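Reviewing the structure listed below.
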Amino acid sequence: MSGKATETKPTPTASRVLSTPIFPWAGFVDNLVIPLLAVLLALIIGALVISLAKVQFPATAADFFKADQLGRMWQEAITGVGTAYRGLWDGSFGRSGSISETLVAAIPLILGGLAVALGFKGGLFNIGVEGQLYAGAVVAAWLGYNALFSGLPGLVHLPLALLGGALAGAAWAFIPGLLKARTGAHEVITTIMLNYVAVFLTDYLVNFPMRDAGASSPRTPFISPGAILPRLFSDAQFRLHWGLLLAVLATVVIYWLLFKTTWGFEIRTVGANPFTARYAGMSIGRNSVIAMSLSGLLAGLAGAVQILGLEYTLKGRFFLRHWIR
Amino acid sequence: MTAGSGLPDPVGRAFGEEGKVHPERGAGENPPGHAERGSHIGHRLWVFIVQYKAAILFTFLGLTLIWLAQNRLPSTVSTSLGFGALGSLDVPARATIDLLGAMMVLSSAGSFLLSRTQWRELRPSYLLWLATALGSLAILVAAAQGNQIDLVGMLAQSIRLATPIALGALAGIYCERSGVINIAIEGMMLTAACFGILGNLIWGNIWAGLGLAVVSAMVIALLHAVLSIKFKTNQIVSGTVLNILAVGITGFVRRTWLLQTGGREVFPILPIPVLSRIPVIGEMFFNNGPMVYAMFILMIVTQVVLFHTVWGLRTRAVGEHPRAADTVGINVYWVRYANVIVSGLIAGLGGAWFSLETTGGFDDNMTNGKGFIALAAMIFGKWTPFGAMSGAMLFGFADAVQFKFQILNVPVPYQFLSIIPYVVTIIVLTGVMGRAIPPAAVGKPYEK
Chain S
0 MSGKATETKP TPTASRVLST PIFPWAGFVD NLVIPLLAVL LALIIGALVI SLAKVQFPAT
60 AADFFKADQL GRMWQEAITG VGTAYRGLWD GSFGRSGSIS ETLVAAIPLI LGGLAVALGF
120 KGGLFNIGVE GQLYAGAVVA AWLGYNALFS GLPGLVHLPL ALLGGALAGA AWAFIPGLLK
180 ARTGAHEVIT TIMLNYVAVF LTDYLVNFPM RDAGASSPRT PFISPGAILP RLFSDAQFRL
240 HWGLLLAVLA TVVIYWLLFK TTWGFEIRTV GANPFTARYA GMSIGRNSVI AMSLSGLLAG
300 LAGAVQILGL EYTLKGRFFL RHWIR
Chain R
0 MTAGSGLPDP VGRAFGEEGK VHPERGAGEN PPGHAERGSH IGHRLWVFIV QYKAAILFTF
60 LGLTLIWLAQ NRLPSTVSTS LGFGALGSLD VPARATIDLL GAMMVLSSAG SFLLSRTQWR
120 ELRPSYLLWL ATALGSLAIL VAAAQGNQID LVGMLAQSIR LATPIALGAL AGIYCERSGV
180 INIAIEGMML TAACFGILGN LIWGNIWAGL GLAVVSAMVI ALLHAVLSIK FKTNQIVSGT
240 VLNILAVGIT GFVRRTWLLQ TGGREVFPIL PIPVLSRIPV IGEMFFNNGP MVYAMFILMI
300 VTQVVLFHTV WGLRTRAVGE HPRAADTVGI NVYWVRYANV IVSGLIAGLG GAWFSLETTG
360 GFDDNMTNGK GFIALAAMIF GKWTPFGAMS GAMLFGFADA VQFKFQILNV PVPYQFLSII
420 PYVVTIIVLT GVMGRAIPPA AVGKPYEK
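Heads up: the sequence lines are chains S and R, in that order.
Sequential numbering of the first sequence, starting at 0, is according to numbering that gives the first Met the number 0.
Sequential numbering of the second sequence, starting at 0, is according to numbering that gives the first Met the number 0.
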């Protein structure tokens, strides 16, 4: 039977190697040291690539090993790498306001990462966070700028827009969840396809039905003040907004949901071992749909937070642009 | 238990298999505690709809087409259908659509009736394919009202557009038949597309560029192999990471070296001497660039290798039951490494299609999800070369239709046309055309 082939022996992970009496803190090693080593390794490889791009190589191989040439190339490599990494440091931590920017950039990543993690726990690979984020952003923007809601007090309007965005993300993720449960269509590919669909649809909406007629470039009207997720600081150079606290709160709620409720237990069981889950009478299909939708809920929330807290208007491909910039 | 009926392990379970735990799959399969579906009328209706969903859908679509033609098309408009060198034919648009729609309804009904009788051995699903073709033709006739559409030209373009998808699907077949999921085909193709241009730039020779393209894709494949075979990482994670890596590397290479590339050189079109003169077939098959020929050759080669050689038998054995293969002395790891790297080679050719055969340049993310669509084509083709090829043709045709619509200025925003291939992919994955069973051991790292 095919199931036999999956028997696994314990893999010698770093934690097991290091958690001998010398290193009794295995979890610590895995959770902190390994990522730090990974970042360090990435920086080293990055330095190599930057040097490769920055150094002017001499025309002939013979010139290559002359001392002055080597010195010059070394100098060029050091300057290039130094400039790049100083820029990286300044942009993320070094200058005033850049820590705020780092945190601003981290907000959608926290929520999106949470979405992926939740899917993982349920045994699902939600590659479609981006599409769900777009769905959330579209609905949040619409709820934000529409004259229908502009009279509402902030206490109602903002939660409404956030909730609308989150539910839109959940709805967008419900599709692959349902397809997975009903037909077995693999969620990795369906969610990627839905990413493209979401990006194109957003592009269409922003260019036609939702476009601000007065704006020169295609975008929606700005959201009304009641729907704005306020900033944490009054100083204009700090763009950090309440989305950060929302993201932290979402993390706590998801932790509670996954590890302290029956729902979470079912999701985790289905993810860890569907045979067991099925034998215990849990519905794999239903749990897949729930896990996927919850995952999409978080992704949609990320999109809503991005619009309501940072962008205040929706442009086509706003998140891609954000990504590349 | 047969090899295909692996239990639903969410990681190991590859595409399209999970329907096995579907509660509707017979009450006997349900664990105790599940509510047994009764035989009440609603349930039986649901089962009927699920069983004949394609026939019902196509009947409905055919009727919709007729209704739309009657209400939206003036009866005087005619469409000119071109048949390449054979000339063209003017047909009245409305009557043609009526006819095609009626034929669609008939063939759907035929497939339904056939599957209810002893003739179901005749594979009534072919009638559904006929209905698909008729429907597409009807939509084309409607879109081109008052204009000309060159059907042969469109089919030729479909073949060209299907090339990277088919090559990607072949790459996926080698990989998955040996038991390794390859989500990284997209990344391999993107890398190859970029390094092909870079190689052309460095050595000034487009064939050298092709060489570098293939090698770069093989390097990515080697990474995937090491990660998933040696280090036994989750293969979907490994593939996704490599896709992101490919986006990063190619973006860097483009900004650093490819911004001021001058002439945009592409592969020459190589007409096959005598065969390219045959009116319709010659235009479609024998008047193409080298990657298109590579696709056809590799398709046949793959078919032979997989099903008629020792190597293919070993590959399939390793993909279905690695422990059994190991027991008879096959080196599971080695077979997997080799197949993943071959997969990189083929994906590299697919990547070269984007840059070296089509545009002559490289743009960020120019593969645009074709690598994932290729996986869908592979699933569609049930992990066989000819099946994957027909899947790729379907997507190529969807792409060609989309381009044609944009040229014809169909009053639909281009964004809706652009999502056609992606939506087709999703529909295909839901198994409208039947269930696909992946190799049993796909996605599971082998532990000795």
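The beta carbon of each residue, even a glycine, is placed where N, CA and C say it ideally should be.
Fair warning: this is a prediction, and the values are worked out from it, not measured in the lab.
Among the options, the one whose alpha carbon lies nearest that of residue i
i              : options                        : result
residue 108(S) : 123(S), 301(S), 43(S), 127(S)  : 301(S)
residue 165(R) : 147(R), 152(R), 185(R)         : 185(R)
residue 159(S) : 117(S), 100(S), 223(S), 206(S) : 223(S)
residue 308(S) : 257(S), 245(S), 296(S)         : 245(S)
residue 122(S) : 274(S), 214(S), 227(S), 191(S) : 274(S)
residue 352(R) : 163(R), 173(R), 208(R), 334(R) : 163(R)
residue 405(S) : 254(S), 278(S), 210(S)         : The structure shown has nothing for residue 405(S), since chain S only spans 0 to 324.
residue 98(S)  : 261(S), 31(S), 250(S), 238(S)  : 238(S)
residue 205(S) : 68(S), 195(S), 83(S), 312(S)   : 312(S)
residue 91(R)  : 47(R), 144(R), 372(R)          : 144(R)
residue 324(R) : 235(R), 178(R), 342(R), 373(R) : 178(R)
residue 141(S) : 51(S), 279(S), 227(S)          : 227(S)
residue 73(R)  : 96(R), 46(R), 234(R), 63(R)    : 96(R)
residue 290(S) : 117(S), 215(S), 278(S)         : 117(S)
residue 331(R) : 174(R), 147(R), 149(R), 208(R) : 174(R)
Sequence-distant residues of the same chain with beta carbon closer than 6 Å to residue i, five excluded per side
i              : result
residue 213(R) : 344, 347
residue 265(S) : 281, 286
residue 232(R) : 226
residue 102(R) : 133
residue 230(S) : 240
residue 72(S)  : 54
residue 315(R) : 176
residue 168(R) : 373, 376, 377, 387, 391
residue 444(R) : 231
Same chain, Cβ closer than 8 Å to residue i, five either side skipped, listed in chain order
i              : result
residue 360(R) : 196, 257, 260, 263, 354
residue 135(R) : 396, 400
residue 35(S)  : none
residue 66(S)  : none
residue 416(R) : 401, 404, 405, 409
residue 265(R) : 205, 288, 355, 356, 357, 358, 359
Whole-Å CB distance - residue i paired with residue j, under 8 Å assumed
i              : j              : result
residue 248(R) : residue 187(S) : Not really, about 22 Å apart at Cβ, beyond 8 Å.
residue 102(S) : residue 293(S) : In fact, because the Cβ distance is near 25 Å, the residues do not count as touching under 8 Å.
residue 439(R) : residue 320(R) : 7 Å
residue 390(R) : residue 427(R) : 7 Å
residue 68(R)  : residue 107(R) : The Cβ separation is near 18 Å, so there is no contact.
residue 189(R) : residue 130(R) : Contact doesn't hold; Cβ gap of about 36 Å is too wide.
residue 249(S) : residue 111(S) : With 8 Å as the limit, residue 249(S) and residue 111(S) do not qualify as a contact, their Cβ atoms being about 11 Å apart.
residue 429(R) : residue 182(S) : 4 Å
residue 50(R)  : residue 203(S) : 36 Å between Cβ atoms; not a contact.
Neighbourhood of residue i by C-beta distance below 7 Å, restricted to the same chain and skipping five residues each side
i              : result
residue 241(R) : 183, 186, 219, 222, 223
residue 252(R) : 193, 197
residue 310(S) : 317
residue 75(R)  : none
residue 106(S) : 242, 243, 246, 304
residue 256(S) : 262, 263
residue 472(R) : Here chain R comprises residues numbered 0 to 447, so residue 472(R) is not present and cannot be evaluated.
Cutoff 8 Å: residue i Cβ touching any chain A Cβ
i              : result
residue 246(S) : No chain A appears in this structure, whose protein chains are S and R.
Practice task
Check whether the segment 129-146 of chain R touches the segment 351-362 of chain R, counting contact only when three or more Cβ pairs, one atom from each stretch, lie closer than 8 Å.
Solution key: no
Handout entry: Cβ contact (3+ pairs, closer than 8 Å) linking the segment 181-199 of chain S and the segment 409-426 of chain R
Key = yes
Problem - Every unbroken alpha helix (DSSP H) within the segment 321-396 of chain R, with a cutoff of 4 residues, ordered by chain - result: The alpha helix (DSSP H) runs lying completely inside the segment 321-396 of chain R and spanning 4 residues or more are 321-326, 331-351, 369-379, given in chain order.
Problem - At least three beta-carbon pairs within less than 8 Å, the segment 266-279 of chain R to the segment 300-315 of chain R - result: For the pair of segments examined, the segment 266-279 of chain R was found not to touch the segment 300-315 of chain R: the number of CB pairs separated by less than 8 Å stays below three.
Problem - Any 3 or more C-beta pairs closer than 8 Å across the segment 145-165 of chain S and the segment 261-281 of chain S - result: no
Exercise for the section: Scan the segment 112-150 of chain R and note each continuous beta strand (DSSP E) run of 3 residues or more that stays entirely inside, going in chain order. Expected result: 147-149
Practice task
Output the residue ranges of the beta strand (DSSP E) runs that lie fully inside the segment 220-273 of chain R and measure 3 residues or longer, sorted by chain position.
Solution key: none
Exercise for the section: Specify whether the segment 386-402 of chain R and the segment 155-162 of chain R touch according to this definition: at least 3 beta carbon pairs, one from each stretch, less than 8 Å apart. Expected result: yes
Practice task
Please confirm if the segment 158-177 of chain S is in contact with the segment 131-140 of chain S, defined as three or more CB-CB distances below 8 Å between the two stretches.
Solution key: These segments touch.
Handout entry: Three or more C-beta pairs below 8 Å linking the segment 53-63 of chain R and the segment 76-86 of chain R
Key = no
Exercise for the section: Pair every Cβ in the segment 27-43 of chain S with every Cβ in the segment 56-70 of chain S, then say whether three or more of these pairs are closer than 8 Å. Expected result: no
Practice task
Only counting runs of 3 or more residues, tell me where the beta strand (DSSP E) segments fall wholly within the segment 206-244 of chain S, in order along the chain.
Solution key: The segment 206-244 of chain S contains no complete beta strand (DSSP E) run of 3 or more residues.
Handout entry: Complete alpha helix (DSSP H) runs within the segment 72-120 of chain S (minimum length 4 residues, chain order)
Key = Entirely contained in the segment 72-120 of chain S, the alpha helix (DSSP H) runs reaching 4 residues are, in chain order, 97-120.
Handout entry: Any beta strand (DSSP E) of 3 or more consecutive residues that is wholly inside the segment 39-122 of chain R
Key = 77-81, 87-91
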